[in-house]
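Below you'll find the structure, written out as structure tokens, and then a few comments.
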Amino acid sequence: MHGLEIPNDAFCSISVQELVTTHSSPAPSPVHPALILQKRSVPPDLVAPVLYSGTNSAPWTRELPQPPPPPPPSDNPIHLSLSLGAKLGSGPYGVVYEVTPLQRDEGTHKMPKLVVKIARWSCAALLAREAWFYNELHSLQGSVVPKCYGLYDCVLQPGFEVSVLGDRQDVSPDWWRYDIHARRSIGDRVMGSLPLHDELRRLRDSTDCLSILLLERVGCPINIGLDGITAEAVCDDLARLFEDVTNLGVNLLPLESENIAHKHDDTPVRISPYREHEHRFRIFDLGCAVKTNMAQRWLHGAYLCNVRAISRDLSYGNDDEEDEDSNELIEDDGASDSESQPPWQARPCSRREQ
């Protein structure tokens, strides 16, 4: 029998064993002290939305969607001790490791399967931004995106090394602008043209801040045939998954198949709040997300094109057939030929406008 789920705000701090190394004397060999990180509050105005405007923009825009109110805070958050496990993946601004809680279950609450996403040097700002989007999508946590248990950080003491990240001196100040999609940098994609919050500026310029995102673990990559899942069922569920995200005005594009996984086997049943449906998959890695006032049908149409790209990437069927099916889905969403090129212009929103 499963216990109750741990609340998202159940932890006030974490300690991670085997994460840092120090060579301080008189120890004859490297020491691996447990590193303590405190939970960091994410400002509600950390991310400025992208607002579209222009001649006759009404058909293509809407009032900026707002998320539902968050649940009331938990009483008496606790410290969580973790042991670092195997490396699960890496990206341009973070590495992901499995972790094992050293305390098992908390009373009637069942401890979930967890991972930590550790920001690369000079990339703490991007991880804080990702944490903001997990907060923005709090109503979809556990059903569309993994549950997020908070952002934690600390200032490293002199002599401490984080072997999983390499030498801090080898990272240039512009590492946060790493070209994630070989088209433009992360900075240009998500921060370059927007007013930068003071907290993001502080984290971007920090060289001794270690930042970690604590997340629920997802399952294996999309796998056609797993548990009898067909290609058509995958595309159908992805379309529903993306439609849930468009309800909150969040643009996660471009998404690749590597950013979507099956839910973990130990994940309890969680029904989407926007439909009587349990999604098979979870979207993770929100690093390129944008909050936008783009009309839902246009945003969803863009997601449907992304489904087509993902299906191509996974070698579903015939490309020509996929193109036709996807175009039909977009046309069914209400877009006419005369509306195929919205005359909007994007402008950044200052924090005063939010």
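Counting from 1, position 124 in the sequence shown corresponds to residue 123 in numbering that gives the first Met the number 0; the numbering is continuous, with no gaps. Glycine included, each C-beta is placed from N, C-alpha and C at the ideal position. For clarity, every value in this text was computed on a predicted model and none was experimentally measured.
Whole angstroms is fine: what's the gap from residue i's alpha carbon to residue j's?
{"i": "I211", "j": "L155", "result": "13 angstroms"}
{"i": "L81", "j": "V98", "result": "6 angstroms"}
{"i": "L199", "j": "S205", "result": "10 angstroms"}
{"i": "V30", "j": "C11", "result": "26 angstroms"}
{"i": "V249", "j": "S271", "result": "16 angstroms"}
{"i": "A124", "j": "G149", "result": "15 angstroms"}
{"i": "D265", "j": "E4", "result": "12 angstroms"}
{"i": "L18", "j": "G300", "result": "43 angstroms"}
{"i": "H137", "j": "G286", "result": "16 angstroms"}
{"i": "L50", "j": "C234", "result": "29 angstroms"}
{"i": "S184", "j": "Y302", "result": "Note that S184 has pLDDT 46, beneath the 50 cutoff, so the model's placement of it is unreliable and no number is given."}
{"i": "Y151", "j": "P70", "result": "20 angstroms"}
{"i": "R128", "j": "W297", "result": "24 angstroms"}
{"i": "H278", "j": "K112", "result": "18 angstroms"}
{"i": "P58", "j": "A9", "result": "43 angstroms"}
{"i": "P76", "j": "P68", "result": "20 angstroms"}
{"i": "E320", "j": "Q295", "result": "Note that E320 scores a pLDDT of 41, beneath 50, so its modelled location is shaky and nothing firm can be said."}
{"i": "L126", "j": "G227", "result": "36 angstroms"}
{"i": "K86", "j": "A288", "result": "24 angstroms"}
{"i": "L432", "j": "S52", "result": "Outside the shown range of the chain, which is 0 to 353, sits residue 432, and nothing can be said about it."}
Tell me which residues share the same chain as residue i and place their Cβ nearer than 8 angstroms to its Cβ, disregarding the 5 neighbours each side in the sequence.
{"i": "S256", "result": "P220, I221, I309, D312 and L313"}
{"i": "D331", "result": "The pLDDT assigned to D331 is 46, lower than 50, so where the model puts this residue is not dependable; a value taken from the coordinates is nonetheless given after this. Taken in chain order, the list of residues that qualify is empty."}
{"i": "T229", "result": "I223"}
{"i": "V306", "result": "C234, L237, A238, F241 and S325"}
{"i": "S73", "result": "P6, D8 and A9"}
On a CA-only basis, which of the options is nearest residue i? Give me that one, please.
{"i": "V244", "options": "K290, T206 and R200", "result": "K290"}
{"i": "P64", "options": "M293, E275, S73 and G88", "result": "M293"}
{"i": "N134", "options": "H299, L213 and V217", "result": "L213"}
{"i": "K116", "options": "K109, G90 and L101", "result": "G90"}
{"i": "A232", "options": "H261, L251 and R216", "result": "H261"}
{"i": "L45", "options": "C147, P58, L164 and R201", "result": "R201"}
{"i": "C304", "options": "G84, L251 and L79", "result": "L251"}
{"i": "G84", "options": "V15, L139, P48 and Q295", "result": "V15"}
{"i": "I13", "options": "P32, N7 and Q37", "result": "Q37"}
{"i": "C208", "options": "Y273, L139, C122 and P267", "result": "C122"}
{"i": "Y273", "options": "S52, L139 and K86", "result": "L139"}
{"i": "L225", "options": "F280, L164 and N7", "result": "F280"}
{"i": "P267", "options": "K86, K146, A288 and L164", "result": "K146"}
In chain order, what residues of the same chain have a beta carbon less than 6 angstroms from the beta carbon of residue i, not counting five sequence neighbours either side?
{"i": "T21", "result": "V30, G158 and F159"}
{"i": "W131", "result": "V41, L45 and V46"}
{"i": "D284", "result": "N258"}
{"i": "L395", "result": "The first residue shown for the chain is 0 and the last is 353, placing residue 395 beyond what the model contains."}
To the nearest whole angstrom, what separates the beta carbons of residue i and residue j, a pair I think is in contact under 8 angstroms?
{"i": "Y96", "j": "R119", "result": "About 13 angstroms; that fails the 8 angstroms criterion."}
{"i": "R269", "j": "G141", "result": "5 angstroms"}
{"i": "V114", "j": "R39", "result": "With a Cβ gap of about 18 angstroms, V114 and R39 do not count as contacting."}
{"i": "H276", "j": "R239", "result": "6 angstroms"}
{"i": "C153", "j": "L34", "result": "7 angstroms"}
{"i": "V144", "j": "I259", "result": "That pair is no contact at about 10 angstroms."}
{"i": "L247", "j": "P66", "result": "6 angstroms"}
So, for residue i: in the same chain, excluding its five sequence neighbours on each side, which residues have a beta-carbon less than 7 angstroms away from its beta-carbon?
{"i": "P42", "result": "H196 and E198"}
{"i": "G88", "result": "V95"}
{"i": "S162", "result": "T20"}
{"i": "P32", "result": "V19 and T21"}
{"i": "G218", "result": "A260, H261, K262, H263 and D264"}
Would you check whether the ligand FMN has a heavy atom nearer than 7 angstroms to the C-beta of residue i?
{"i": "S310", "result": "The ligand FMN is absent from the structure shown, which contains no ligand whatsoever."}
(request) Would you list, in sequence order, the uninterrupted beta strand (DSSP E) runs of no fewer than 3 residues that lie entirely inside the segment 46-105? (result) 49-52, 77-89 and 93-100
(request) Let me know the beta strand (DSSP E) ranges lying completely inside the segment 190-227, each 3 residues or longer, listed in chain order. (result) 208-215
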